[in-house]
Structures are given as C-alpha cells and as structure tokens.
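Chains as they are written, first to last, in our numbering: chain B, 1 to 350; chain F, 351 to 700; chain D, 701 to 1320; chain P, 1321 to 1940.
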Amino acid sequence: MSYQLPKFRHPELPVNDLGYTRADYEGAISTLCAGCGHDSISGAIVRACHELSIEPHKIAKLSGIGCSSKAPTYFLGNSHGFNSVHGRMPSVVTGAALANRDLLYMGVSGDGDTASIGMGQFTHVARRNLNMVYIVMNNGCYGLTKGQDSATADRGSASKKGDPNIYSAIDLCGTALQMGATFVARSFSGDKEQLVPLIKAAISHRGFALIDIVSPCVTFNNNTKSTKSYEFVREHAEATGTIDFVPMHSEITTEYQPGHAHEVTMHDGSSIRLYKMDESLNPFDRRSAVNVLEEHRYSGNILTGLIYMNLDSRDLHEVLETSQRPLNSLDESDLCPGNKMLLNINASLR
Amino acid sequence: MSYQLPKFRHPELPVNDLGYTRADYEGAISTLCAGCGHDSISGAIVRACHELSIEPHKIAKLSGIGCSSKAPTYFLGNSHGFNSVHGRMPSVVTGAALANRDLLYMGVSGDGDTASIGMGQFTHVARRNLNMVYIVMNNGCYGLTKGQDSATADRGSASKKGDPNIYSAIDLCGTALQMGATFVARSFSGDKEQLVPLIKAAISHRGFALIDIVSPCVTFNNNTKSTKSYEFVREHAEATGTIDFVPMHSEITTEYQPGHAHEVTMHDGSSIRLYKMDESLNPFDRRSAVNVLEEHRYSGNILTGLIYMNLDSRDLHEVLETSQRPLNSLDESDLCPGNKMLLNINASLR
Amino acid sequence: MKRIESVNDFVIKFANVNGTGSASANNLFAKALFRMGLPVSPKNIFPSNIQGLPTWYEVRVNEKGYLGRRGGIDIALSVNPQSMAQDIGEVLPGGYFIYDNTKLLDIRLHRDDISIIGVPLTRICNEQYDDPRQRQLFKNVIYVGALAALLDMDFKVLTGLVEDQFKGKKNLVLPNIHALELGYQYARNNLDCPIGIRVQKSDKVGDKILLDGNTALGLGALYGGATVAAWYPITPSTSVVDAFEKYAKRVRIDPGTGQRNYAIVQAEDELSAIGMAIGASWNGARSFTATSGPGVSLMSEFLGLAYFAEIPTVLFNVQRAGPSTGMPTRTQQADILSCAYASHGDTKQVLLFPSTPRECFDFGALSFDLAERLQTPIILMTDLDLGMNDNMSEPLSWDDERKYDRGKVLTAEQLEAGVEFGRYLDVDGDAICYRTYPGTHPTKGAFFTRGTSRNEYAIYTEKGEEYEANMLRLLRKWDTINEYVPAPIIVDCGMETDTAVLYFGTSEEASREALDHLSAEGVHLNAMRVRAFPFNQEVQEFIERHKQVFVIEQNRDAQLRTLLMAEFEFGPDKLKSVLCFDGTPISARNIRKQIKKHLNSDNVLPLHRDTALLRAGETS
Amino acid sequence: MKRIESVNDFVIKFANVNGTGSASANNLFAKALFRMGLPVSPKNIFPSNIQGLPTWYEVRVNEKGYLGRRGGIDIALSVNPQSMAQDIGEVLPGGYFIYDNTKLLDIRLHRDDISIIGVPLTRICNEQYDDPRQRQLFKNVIYVGALAALLDMDFKVLTGLVEDQFKGKKNLVLPNIHALELGYQYARNNLDCPIGIRVQKSDKVGDKILLDGNTALGLGALYGGATVAAWYPITPSTSVVDAFEKYAKRVRIDPGTGQRNYAIVQAEDELSAIGMAIGASWNGARSFTATSGPGVSLMSEFLGLAYFAEIPTVLFNVQRAGPSTGMPTRTQQADILSCAYASHGDTKQVLLFPSTPRECFDFGALSFDLAERLQTPIILMTDLDLGMNDNMSEPLSWDDERKYDRGKVLTAEQLEAGVEFGRYLDVDGDAICYRTYPGTHPTKGAFFTRGTSRNEYAIYTEKGEEYEANMLRLLRKWDTINEYVPAPIIVDCGMETDTAVLYFGTSEEASREALDHLSAEGVHLNAMRVRAFPFNQEVQEFIERHKQVFVIEQNRDAQLRTLLMAEFEFGPDKLKSVLCFDGTPISARNIRKQIKKHLNSDNVLPLHRDTALLRAGETS
Ligand SMILES: Cc1ncc(C[n+]2csc(CCOP(=O)(O)OP(=O)(O)O)c2C)c(N)n1
Ligand SMILES: Cc1ncc(C[n+]2csc(CCOP(=O)(O)OP(=O)(O)O)c2C)c(N)n1
Ligand code: SF4
Ligand code: SF4
Ligand SMILES: [Mg+2]
Ligand SMILES: [Mg+2]
C-alpha cells in the first residue's frame, strides 16, 4: 500500500527515510506526573522508531494497566494501541502477533503489571520467544494505585510511605533469562543515549526482546531511601558497555577502533557495535549473562546495557511453522476446505 | 493436647518415637496408574514423616489439580487435606500458614499446576519465603488431561502422542532460585534413598523448601523419546552428592570420615551431612548453585540432590513479625479493642 | 421369570476398567448397530482418572429414533469385578447380565429375576494370547463377538467395520477379526443364541452420521475460517482443539512450503488463552478458545473487556457438572448465568445453544460471522454429553458459495477516500460501529482500544454523559443482536393446548420422547427449542401464547428460566421448571414424571425450587 | 439578576488540579460546617490519574439532612484554568462563581446571570511565600479562609479544626491559620460579605460523625476479629486494608514483644488474595480480602470453590463503574449479578448491602460471624461513593459483651468423646454441617477439603445421587441463610398507597429525599431498603402488598430487579426500574423525575429497558 503522506512539513524538522518528522511518531500530550520516568521512555521510543524509519502504522503498541501502561497513548499516535487488562498484555500480544506477523509489536508494562499479576504471562511469553519488544517501565512501585511496593522493590528500599520493603526483589532480566528469553537488556529512563540504541536493537531482534528500564516514580518512590530514585540509580548504575546500533543499509560513517569494539550483525541485516565492554560479560553467552547478573545481585549495583542476545533465536512463528502470509490476510479460498471434504468425512462417520 | 493413640498394634511393625507405625501415616488406596512415579513420592513422604516422628495431624497437605494434586489423598490420612483449584495451591497455603504457624505445611503440585497456570503463585510464594515444603511431581506433561506437554517438557522431548516439543523447558529449581527461594532440591521418584532425606531436610528448613521431583507418567510420557521417562532419568541423573539427615536429639551413630563429609546444623537443631559432593557446587552459596544449574542446562544431564540451602533464612512470619501464638487461636479478648476506642474514634470524627 | 423380549429396542451397558482399551471395542459394537440401520446413542460414563477405575458405556438402541437417555438397563455386560455388584443390581427384572465367568459369580450377587450369562473371556484370552497387553485388548473384542451372536447381529457388518477402521493396516485387521470370531463362536457353541433381545437390519438412520459434538465444533471452526486457536487443556473441551488441529494438519498446510495456515497455542492457562483469542481477533484474524467451567470463571475479566471494547471473541464452552471442580466427567447445563452475565459491571453476553453435532458444526462456523458482525463475544454453550459422546446427527454440509461475514471493517481505500472514522460512532443506526485492523493506513484509521470508558472517537473520557451514551448504545446493540442470532424452533403439537415445554441443547432428544409419550397419554404440549440468548421476539410470543410453560434444564437453579424472567415479564406460575442436575443426561422418563407431577398439583409456591427438592427421590 | 439566597442550604463545588494538596483544604471546609452543626455530604470527583488533571469536590449543605446528590451547583470555586469553562457553565442561574482572578476571567466565559467573585489567590501567595511548594499548598487554605468570610462562617471553628488536625505539630498550626486569615481578611476587606448564601450555627448533626465507608469497614474487620488480610491494590477498595492496617498497628501489636496479632499480605493479584483469605479461613482464622470490579471477576473461580466446599470467606467489594476497567474513579452498583452468581455451575452467593459508614462497620464485623456460621462466602457490596467519601453517619459502637459466633466447629474434646463427624453431614437439619480445624485431633477429625463432589464424609464421589443430595442441601442452606442475614428496613409513609419504592446501599439518601418531595406533591409511597441477598420473606411480602414497586438502582441493567424476578415471581409491570449509571451518585431529582414519568405513563413495555433509554436525555 502506498498512501500519500501529509505534504506540508515544517522545513526545519528533520525527516527520516520515509519522509516523516519526529512529530509523526508522537502521541497525545502526557497526563503523567511532571518528571515521571515513563515520559522519558516514551520519548526514547519515539526517537528510536523515527530514526529507524519504521512506518508508524506498522507498529502495534499494547499494554496492561498502570501509569506505565497508559504511556502508549503518549507516543506513536498513528499506531494502533491496545490498553488491555492488568497483567495480561503478553497474551493479547501473542494473539495479535499470531494474527499478523508483519507488524512490529511493542509491549509496554509496569513492574506491577509484569512482576506481580503478570508474572505468569510474562514468563510464558518469554519462553515462547514471541517476536516482540517488551518494555518494562520499572519504578519499584504501583504508581497508579498510589505507591505500594511492587515485587521489584529491593529489600529494605522504602517509598514515600516510609516502611522498608520486607521482601526480596524479583529481577526481571534474570527471570527472563531463566525462561529462555533471547534478548535481555536493562536501562534507565534517564539515560537516553543508552536507551535509544537498545530499543533499536530490540526492534531488530527476531524473538522476545526485554528491556527492563528503571523509571523513577517522582510522586511516590523518588525519595532518599528508595533504590529506584533518580539519585540512587545515577549513583549505582553500571553499564555493561556502550552500544551503537547501525540499521541495515546504513552507510558506515562512524569510525571505531577494531580493538575496542565488537560488531555483530543481526538477522535483519542491521548490526550493533559494543564498545568498552565489561570484561566479565559476553552478552552472546547465556552463562556469562547469568553470572554477571548474579554478581550484581550481590554488589547491589544496577547493571545496565545489553545483557544477553541470542543471534540464532527462532521466534514463535518459526517454531510453529506458520505461513509467511499474515494469517489475518487469508480468506475463504485459503481457509475453507469446501463441501467435498465434508462428504468424505460424513462417509467415514457411517 | 494429648489424646490417646490407638492401642493395639501389630507387634512387628516398627513404631516411631510417638508410638506410630508407618501405617498411621498412610492414606487411601491410590487410584493413580500402576507404576506412576507419584505413588513412589507419596511413599517417600510417608516414610519421611514417620521417621521424623511428626504427629500426623500436625501436618496440613495442600494441592492444586492434577494426578499429582490428587496424591495427598493417598498419604497422611490423619492429616487435613485441601485439594484446591488448579495452580492456586500456593495462595491457599499462604493463608493457611498465616492462620496457624504451628502446623507443617506440605504443598503438592504438578508441573502443569506449578509451571503453567501456577507460575505466578509459585514464584511469589517462593519470594515470600513461606515456611512450607513445596513438592512438584514433575512428569513433563499433563497427566490428568491425557498427556499434553507441560512447560517443563524439554525442547525436542516427545510424549506418547509423538510430536517433539517446540518450546524450551522451564527449570523450576532455577526459577525458584531466581525468586530468592531458600531451599532448592531436585530428585527422582525412583530414588527413594535420596528423596527421603531431602524431604526430611525440607521439613526441617525454616522457609520455602522446593523439591522438584522428576516423576515419570507411565501412561503418557514414559516412551523412548521422552526426557522424563524412567529410562532417560536413570541414565542422565547426576547427583550433587549424597545426603544424610540427622534429626535433632538423635544420637550420632553413623561413622563418617570428616574429610569426605560436610555437616551443617539447621535452625531446628537437626543436621544434614553431605557426602561426596560435586566439587563445583557449594550448596550454601547461591551463586554456586545458579552456576551449576546453568552448567547442567547445557550438558542435558539432570542434576539431583540438594542444590541450595540458606541457613540464615527468615520466613514470612519472621519478616511480618507475627505473634508466636497461632493467629487462629486468638479470641475476642486478644482481638477486639472494645467500645472505648470507638468513643475516641467517634470524637475525632466530629 | 419373564425375560425381556424385544427387537431393535433396548439399553445395554458395558462395565469396564478405564485405561484397558475398552472404548474402541464398545464403539465398534455401537457403530455396527448403526450400520445395520439402527438409531443408537452411546454414552461414555467415565471417571476423572486415567487408569484402573470403573468406566461404563451405555448404548441405547431404538428403532423409533429416541436418542435421549431412557433410564433402566436391559443388558449389562460386566468385565469389571470392582463394579459387578452395582452392575448386576442395575439390570431391570427380566434383563440379562453377561459377565466373564472365568471366575464364577459371587453367590451373593446372584439374582433370580434376570438371565445370567457367562463367557469365560479371560480363559479364552489366556489360551489364545501370550502377551499380557494382547490379552487385555482382545478380551474386549471377544465380548463384542459374543454379543454379536447373542443379539443375532450381522457378523459381516462387524468384520466390515474392522476392515474400514484399520484400512491399510492388514496386521491389525486379521487379529481383530479373529478375536471377534472367538467370541462369536464361543457364544454360538455354548450359549442360547439369540437371547430375548435381538437386532435386525433396519432403515432408520438414512444418511445420518455418528459423530461427537466436539469434533463437529472443531470442524466448524475450521470451516468458519479460524486461523488462531489458543486453549488450555480441560475435560470435556480438550477434544475441540484436538479435532481442529487434526483437520488443520490435513488441509491447512501448504503442500509446497510446508507452512501452516493456522496457529495453535497451548496457553499457560485460560486467562492467557482468551487473551490470545482476543488479541488475534483484534488484529483481524478469526480465532477462538475452548474451555469448560473453571476456565469460564477465569476468563471472566477478559470477557468483560471484550464486551466493553467490542472485540469479536469466540468461546466454546463445553459444560460439565459444577460448581468448582465439581464432577469434571459428568454433564450439566449449569454455566448459563455465569456466561450470560460474565464479568463485573453491566454486561450481557451472547449465547448459542446447539443441540446436535450438525448444529455444533453450523453454530461453530456461524460464531465467527456473528462475532465479527456484532463485535462482541459469542459463547457457544455445549456440554459433555453432546461434546464427548457419539451422537446421531444430520450429515455436515457447507455451501461452497458462502462468504464469511467479516462485519464492519474500514479498508485503507475507504479511509483514504475520506470516510469519517470514529471507532464507536454509530453511523448506521444499528449500534454497531466500524473498526479498522491495525496497520491499515499510515495516518488515518489508528485508534486506541481500551477497557476504560472513551468517547465515540475512542478517546479516553471520564465524562458521565459520554460513558452513558456508550452504555446505552451497547443496550441498543443488544436489540440488533436479537435479529442475528438463530431463532427458536417451535414444534406445534397440532392440538388445542395452552401448555408447552421449552428446552435447549442436549435436552432435546429426551424432551421429544417425553412429549410423544405424554401425547400418547392424552397430554398434548407444544414445544420450543431455544437456540440463543438474547431471546428473539418469537420466544416471548410463544411463552405468552401459553398459560403454562415447562422449562427443561440440566441444572439446579433453573438458570435459563432466570434469564427469561429477567428479560421479559411473566406472571407467577407461568414458567415451571423441569430440572435434572445429577450429572447424567436428563431422561425422557424423568421429564415425563416431573411434568405430570406439575400438572396434577395445584402448587402455588415457586415451583422450580420445589421441583429440585423432589428430584432427590428420583433415580433416572 | 436574582441571586440565589439561602441559609444552610446549598451545593458548592471546588474545582482543583489533582496532586496539589487541595483535598485536605476542601475537607477542612466541609468539616468546619459539620462542626457548626450542619449536615454535609462532600463528594470527591477525581480522575484515574495521579497529578495534573481536573478534580472536583462537591459539598452539599442541607439543614434538613438530605445527603444524597442534589444536582445543580450554587457556588463554584475554581482554581483550575483547565476546567474553568465547564465549571462556570455548571453554576445555576443566580449562583456564584469564585475564582482566582490573578489572571482575569476569559471574557468569553463571562455570564451575566451569576455573581462572579474574584480572589487573587496566586498573587497573595506569591507575595507571601517564596517556596513554590508552599505557594501551591497554602493557596488552597487561603480560599477556604475567603469562603469563611463570604459565607459568614464561624472563623473560630476553622482555627479550632486546624489545631485539632495538627495537634502537637505547632509549626504546622500557625502557618495554616495564617493562610486562613489571609483569605478571610482579603474577602472581608475587598468583597461584599456575606453573599446571598450564608451559613449559621445549627444543631442538626447530634452525635453523628463524618467518616468514609472504607475506614469504617476496616474498623469493622478489626472489631470482627479478622487476623489475616490479603489484598491487591485497586481503587476504590485500597483504603479498606489501609484503614485496617492503620488501626491494627495501634491496637494489635503486643506492647511487650512487638509481635503482631494480625498478618497483612499484599498478594501478587486478586486470584492469590482470595486464595489466601480462603486458606486462612479454612485453617480457622478470621480473614478477608477487599477488591473492586476487575478483582471480583478474577476471584470468580475461587468463589465457586468456597461456595461448594463451604469455606467461610469474607470479601468486601467496593464497586466502581464497569464493565471492564470502566471508570475506575466513578461509582456504581453494577456488580450485583456477577457477585450473586459468581463462578460457573449452580452457585448463589450471599450479599450484604450497607448504606452508611455505621453499617459498613456493623456489617463488616457481622460478615465474619455470618461467614463462619453459614460456612459460605459473604460478599459485602459497598461502592466508591460510600467507601471513599466522608459520609455523615451514626457514631460507631460495640457491645463489649458481644462474643464472636464461630459457627459449628468440633473441638478435640467433642471428637474424643465420640461425636460422629462427617464434614458434610446435616446433623442439625439446618443444612449447615460441622467442621474441624486442621490439627485438632490425632486420629479423629481430619478430612479432605475439595472442590470436587464428595459424600457426607468428605470422601470423593462421582455418584450422581450423592452429588445431588449435596447440591440440594446447599439449596436448603440457602433457606437457613435467609434467617440470618439482615432484614430489610421498611418505611411506611403512613398513607393509603399501593405503590412503593425499593432501594439499597447508597441510593438511600437520595431516595428518602425524593420521597419527601413526592409526598409534598401528593404522591405517597412506601419504601423498603433491602440489606441482603438472599431476600428475606419480608421483601417478598412487601412487594406483594403493593401494586407497583419502583426499584432504584445505580446500574444499567436493573440487576437487583433481575435477582428479585429470579427468586420470586411477580407479574408484568409490578417492578419498575429507576436507574442511574453515569458514574455519579444518583440524585433525588433524578429519582423523582423517573418515578413521575412512570406514574404518568401507561407504558406496557418492559420498563427497565425503556427507562434506561430515557436516561440518555437527562443530566442530573
Ligand atoms: C485486576 C486488576 N487489579 C488491580 C487493578 C488496579 N491497578 C491499576 S494499575 C495497578 C498497578 C500498577 O503498577 P505498575 O504496573 O507498576 O505501573 P505504574 O503505575 O507503577 O507505572 C493496579 C494494581 C486493576 N486495574 N486491575
Ligand atoms: C482452571 C482449570 N483449568 C484446567 C483444568 C484441567 N486440568 C486438570 S489437571 C490439569 C493438568 C495437570 O497437570 P499436572 O499439574 O502436571 O499434573 P499431572 O496430572 O501431570 O500429575 C489440567 C489442565 C482444571 N482443572 N482447572
Ligand atoms: S504516579 Fe509515579 S509512575 Fe505514575 S505518573 Fe506519577 S510519577 Fe509516574
Ligand atoms: S496419567 Fe500419568 S501422572 Fe496420571 S496417574 Fe497415570 S501415570 Fe500418573
Ligand atoms: Mg510500577
Ligand atoms: Mg504433570
């Protein structure tokens, strides 16, 4: 299909390969609290999609319930969105993705939505290696219901209410790895330079791509005793290395010194370059990734960056051997075996 | 309370410290298939409880739905049982344990009941470190609904139906460790010598104790292409070492060479001795446990035995600071603040 | 003793141990009778267990074509010592008890008022076979052979069936036929053949087929164009997706590429299964899920979302005996209320009630048209009795000219041409709005789907007026739905009467038979079979036309009656309940008894409650 | 222009931005009036959002004690530019619009038919405070001060309140009083004080208190002896457990050991929350969970288990506008059907309908007695309006002699003495059986609890008769339940009439007021407030006594009416619906209008549907 794009554009706004400005990727005005980490993540998504020149209507954005799950209203206004029920976004995306393999599926969730009520669906969608980007806007609390601790809150961390959390935290990256996820990254809403290339890489990845993004809740969990506050994360984040994403067909323009970078090509022809990697981590080796996460569990620091990527990932459509044509595009002639077969079936039932 | 025990006993049957024979710990006659692994596990539970001299009525046995979840009918007939709904045993046990901290809570589940529909509750009960024994009778399939693959079925493994499983398996031990479980073990229904001391240790552990027990389904998943068949497990099981459980107050009778064994005392005064341990595993170190599980994920062998135990575990009642008196034993005088307080409250509301 | 004598009219019950392969032998027996031109209605009565417990297979043979449960056993064939006492006790006086007399009958079980016939099945097997597995399997085939002799069946029909069943597998055909002959010969040589009950060829089945409702449903989904199936195993609905898969593997795999024009996912639970079905439908594929009681409860939140956000959703509910885990291998129609009002808030869900395999197929396919046309969940309510038993049925057929009704969907071309798009805008006045599939158009057509309130343009709103307007539109949509769902089927008894019966689903056969009997006794009743909720105008009119209507249901609480009361307004004493909820299919005898009781009493209390209490004393 | 003039009778609406701390200032205003002896009913109207969106606080002041929503705004106080156009538009002709005139009113918003009063709030704040946070906070207090002057309030009551509220925190008292004075003085010095609407001290509140229903419920649970609370956050039920925890921390921590005589667990979701409540009750502790719409749907499977396995279970459902996520911060009574018939299969659940904070407290505590006595789930149905708003209420009280009714539980002593124990044995003939707590006795008393069918001794069974007998007992239990649940409250109008109204929960206040008005117009109606399902005999008799009964409900589908129709049998046209479901509390005006419409029409169609359509054109 080639429908015309709106023609008049502000001359100064940079356009991408498709002729879209970044504004074409924006959504409604946010109603989140001023300063909420979630808004920064929305911004990073807008930037990544714009820079990758993805047609906005070829993206489906789905979410559960929560402040984070509201965020899809505030980006990609030309994409279809689905704000489903609390904790059940993964199943809805699974169905959607089965119906049409040609769209890009962007799931957005919160730590409550994913690690508590959504734990069952989260683990299983990871295990099925559904081809999707799964973004968790992780603030360690339930923003929309006024700040209760979530299951990702660290033991001892205290939100605005003041009581230190008595349970141990669930690490979504570690959990996803356990489930066999094929792309696992962690980031911070305040670090757009890291976030944007990670989102791009997640989009290019074929299979389930988790980005667990610490995203402070300024209203309920940004106080001094919280380990999900801007301050704490700034002080305790430790990047696995820096990452550059080079889309397919792009000219290689940036210079880099071979010794210090690692370049890998993804299945869609894009490539990512990793610089200054932590010695102990080989993000293409699961055992290494598991190990590094365990180390950080002890140190108490927050490991950010690309943690694991499986370049040989086979997504759900591949293992199911589904038709290359989107299932939702098939019609009677493809699907209905006709009366003749019924005559045979009837005969066998007499 | 001290009610009289039945007096006449067959003279030959060995009695435990409480004067009970093993028969006092048995249940109804099993209706499971002849040869089902689950029945062997029931037997091991009977033996462990008898040998530990636990009063049978001080045990509560709870389960979900499935062949495995039926098993509690077939052991501990003098214990209260609760066959709840599919996948939700953990929440029911949590409530029960909060109500009365003085009973021993034995949860029994299947791999379908735990790793599929029950994933959310399983992960969260582990995270809360509820003081309970959680036994999974893991046959890689849904026995009661006629043999569909479960989420613990290995990729490529095929049940009687014949289609190789296309998804990667969920490792319940690894998952429990991720969630912060404080006691993690794996065993095999066919290995009673290992199973019985593990169950005893799990009972003595203060906190959440998982035993993931491979338990072949003879009817649907015991064929040659299955990785949960008796044959496959016999060939591929690799024990972390052997284990002996010495209950509190027991005289130390067995001789052992200090060099080859490791003895640790548990919080209730019992101790366990580990012999011939795999060099690479220190079951008192989480990182080591995680690592060894990862190794086995690659080798394809099944690691059995005690995998991890946290000797400093603090269970849910401890972190909640609940009364030492069972909550279900409190009455009006303990619980009801009386009218006077209402007068004050009323006054503050005018 | 007066032996029961009859030709082509009896009830036989096989008593086996489950997991021993008896099902296929019993099935062979029933199908052979069917091939002889006799209407049969076999019913499996099995435990919620895999192996070693008693299981029964009850076959009613009736030349008049009555297929409901009759009640009472004429012949019991028992190879299960566990249940023998019960089995022999159930035989009607004058009936027959056939058993494996390798071990003689316990003297205490002996009855003088029935014929006791021994066939040394175990002994024959032990003599013939060495392999224990073969001994077990062929024992079942042997008793079928013996029955053939005892009932004077056409032996060739049996051997023909075996040949058809194992077509191409010669090494299976001969041993089975041999086993049949072993039994046949033993009976011929040692027993009085035939017994008082006999069969003979007939022509009462026409072009009918013998099929279970779940397979028919799976085929309905296949023909209806379903491409995505998401489910979680649960008895008795599991075989719906099994059947869908079986046929999809045959006809939906591209022979060139080996790629599949369908996707089936076994979800981690029912919450996920219905979420997947909803996600796929939202994205423009036809999809469905199938479940039973506990699954329906778990799907409740999502059903509310689909109702409110107006997402086509197809759910097949194969009902079993509730509440809770209840009796998972027994039948009931007891999820009516929980489905009609599924989910919190003001919701009303569309229900379809098929009563034959043919209708399972038709309604199964229709569900997708309705879901997409009406943009709401369609819950097809069948039950274990229909779903898991072979039922005699009209043959399946499909109009090759038929096009799927994909409902109101705007295309890129329409959007481009400037059609105004508001997802919840009632353009046509039928309260059904236009939707777009994701990805349709670069700048027009995207909208946000949500379970929260929104205005006509799918923009979030908390304005009371907008919320209310939307809820009222949904109520108007209910009226539109009324025009689309299958109308009731009314059977006029042809006599002057002010009394009628109303039934639905699997109560049809027993009801028809009961009505015939009542009519023979001079009680003439009109009848209506309801096939959908919302109830059409005809339903109301029919009820209003009569002074009294008996509502026949297989549940305790008269759930359909509750819906009728809530939707319409009927005076006291108008709707009387006839209920059966012990987990067995309702029988004609039971219906007749309850109706007569009502007719003879002038009870003024609400009768449905009272009736339920009555039932306690009944056995069939 | 004719100004509205009144004393002690008006509606004022504050328009704020959420997250700016306006709630406590607005509350200060309402409470001050209450202390002046005036009945008030404040209602928070807030968005499903945390910060930055419009939020309103509507206070009705009425000396006659009418506390329902009246409809119409006499005074709007707007400090939110976002909503100003709407706010000024809502003021009744002759009313008053008070706003922050630091920035002058947009000329296009100007109205000639109301008084527009400016107070330069921002300017005053900017002059007084440097800290932006203080500027924001005190702005709210300043307008309360200004209002005190404009309405001629007793200033000392305000300062007294501030002192009480910040008792012990001197550094908070003075600045707040200062801010009040700033507003007060500004108004005194610059505006015409008082305006046409005034307040003066009165004595119409007696010993009443001002309290939200959720706090009362939390206290009810505390007094009722709950020790285990399991929940999952959801608006508007969250504050129930918050309140329970707050008071439990005060009175349930052992001062010696620091140990807690309670356990609260925030579960991972609602499925888990109710599972925990059930597990704790099964084990002999009093426990509860609290939730709202979506949570109720998720709890449905477990509710079926608790019904069938007969486990005492207490669920507080604070209803909000559905279906699905609906309008999470708006009120409705729309979960009646989904709760009454929660779960698949034949289930009936007990519902309680409190209508005041005092009843929340009483029924909250009573729930535990009922659950344990009746061994079944008790679902207490309140709503956002009652739960989250301060409601004037009778003071709370507790009879210190009262003992908890722990129901039928066998002790070790009784078992030892040889009492026959069958968990589902109906020993007393009331269909309620004896249970034992786990761990009671070494060899007697253990039994297996399950959601599958079982016989009287709790042994698994698939026998139809045993299943049926159990289901019939549960039906008989329903009759016993009838005798235990709170009876309706009947208000006889004292005149000859064949017409009545029936209402429940938060429709009470508006209904009372509507009846008074109707009576003044010569229309006399009897009234009944239903307080529980099952409905007692009185409910039926009351309805039967009248020719026509208006059933007032805050939902679209006339859900309580459906229950009445299903349980009893009433002729056509007997029950007419009066409905409001736009998410706002029903108003007296609305009720009056709908009743009069009915009375004037001789419509023969089912009226509840029709009425719903009518509602579309109404605004209050
Ligand atoms: C079934 C259900 N339970 C509870 C809620 C109430 N609820 C809304 S959002 C939310 C938690 C959100 O937390 P999170 O996912 O972390 O998002 P955040 O607001 O922190 O971004 C809850 C419990 C709901 N909407 N549905
Ligand atoms: C909500 C719900 N869904 C589905 C079922 C049907 N069901 C019964 S047992 C079972 C799976 C059992 O598998 P597992 O836990 O592995 O036990 P096993 O029989 O293999 O021991 C299922 C799906 C059910 N009872 N409840
Ligand atoms: S409450 Fe927290 S998470 Fe929600 S919008 Fe505000 S800052 Fe963000
Ligand atoms: S089906 Fe499998 S799991 Fe179930 S009882 Fe039989 S062998 Fe055991
Ligand atoms: Mg959060
Ligand atoms: Mg299993």
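For every residue, glycine included, the Cβ atom is placed at its ideal position computed from N, Cα and C. What you are looking at is a predicted structure, and each value in this text was computed from that prediction instead of being measured.
{"Check": "Inter-residue Cα distance where the pair is D1069 of chain D and L327 of chain B", "Outcome": "17 Å"}
{"Check": "Contact the segment 1869–1888 of chain P vs the segment 1791–1807 of chain P: 3+ CB pairs below 8 Å", "Outcome": "no"}
{"Check": "M1195 of chain D to F1824 of chain P span [Cα, whole Å]", "Outcome": "48 Å"}
{"Check": "Chain-ordered residues of the segment 947–964 of chain D with a beta carbon less than 9 Å from chain B", "Outcome": "Y947, R950, V951, R952, I953, D954, T957, G958, Q959, R960, N961, Y962, A963, I964"}
{"Check": "Proximal chain F residues relative to P1715 of chain P, where beta-carbon distance stays under 7 Å", "Outcome": "N696"}
{"Check": "Cβ-based neighbour list, G497 of chain F, same chain, cut-off 8 Å, excluding 5 preceding and 5 following", "Outcome": "C491, S509, K510, K511, C567, T569, F570, N571"}
{"Check": "Proximity below 8 Å, CB of V1493 of chain P to CB of V1477 of chain P", "Outcome": "no"}
{"Check": "Sequence-distant residues of its chain with Cβ nearer than 8 Å to N718 of chain D (five each side left out)", "Outcome": "F746, P747, N749, I750, Q751, G752, L753, P754, T755"}
{"Check": "Own chain residues within Cβ distance below 6 Å of P608 of chain F, not counting five before or after", "Outcome": "For P608 of chain F, the pLDDT reaches just 48, beneath the cut-off of 50, and the residue's location in the model is therefore unreliable, although a value from the coordinates is still provided. Hits under 6 Å: none found."}
{"Check": "Separation of V669 of chain F from C523 of chain F, as counted between CA atoms", "Outcome": "24 Å"}
{"Check": "Where I561 of chain F falls, given that 16 or more other Cβ within 10 Å makes a residue buried", "Outcome": "buried"}
{"Check": "Minimum Cβ-Cβ distance from G445 of chain F to chain D less than 8 Å", "Outcome": "no"}
{"Check": "Contact list for the segment 320–343 of chain B against chain D, Cβ threshold 9 Å", "Outcome": "L320, E321, T322, S323, Q324, R325, P326, L327, N328, S329, L330, D331, E332, D334, L335, C336, P337, G338, N339, K340, M341, L342, L343"}
{"Check": "C1060 of chain D and L917 of chain D closer than 8 Å at C-beta", "Outcome": "yes"}
{"Check": "Chain B residues whose Cβ lies nearer than 8 Å to that of Q528 of chain F", "Outcome": "I170, D171, G174, T175, Q178"}
{"Check": "Burial state of I1427 of chain P (16 or more Cβ within 10 Å)", "Outcome": "exposed"}
{"Check": "Whole runs of the beta strand (DSSP E) within the segment 773–828 of chain D, excluding any shorter than 3 residues", "Outcome": "773–778, 791–800, 815–819"}
{"Check": "C-beta neighbour in chain D for Y492 of chain F, strict 8 Å", "Outcome": "yes"}
{"Check": "Separation of A1227 of chain D from F797 of chain D, as counted between CA atoms", "Outcome": "38 Å"}
{"Check": "Distance cut-off 7 Å: T1772 of chain P Cβ against heavy atoms of ligand 4", "Outcome": "no"}
{"Check": "Pair within 8 Å by beta-carbon distance, T1197 of chain D and L1225 of chain D", "Outcome": "yes"}
{"Check": "Exposure label - P1077 of chain D; buried when at least 16 CB within 10 Å", "Outcome": "buried"}
{"Check": "Reduced DSSP category for P440 of chain F - H, G, I as helix; E, B as strand; rest coil", "Outcome": "helix"}
{"Check": "The segment 1324–1336 of chain P touching the segment 1393–1412 of chain P, judged by at least three CB pairs closer than 8 Å", "Outcome": "yes"}
{"Check": "Neighbour flag for M482 of chain F against chain P, beta carbons, 8 Å", "Outcome": "no"}
{"Check": "Contact test: Y492 of chain F Cβ vs ligand 6 heavy atom, cutoff 7 Å", "Outcome": "yes"}
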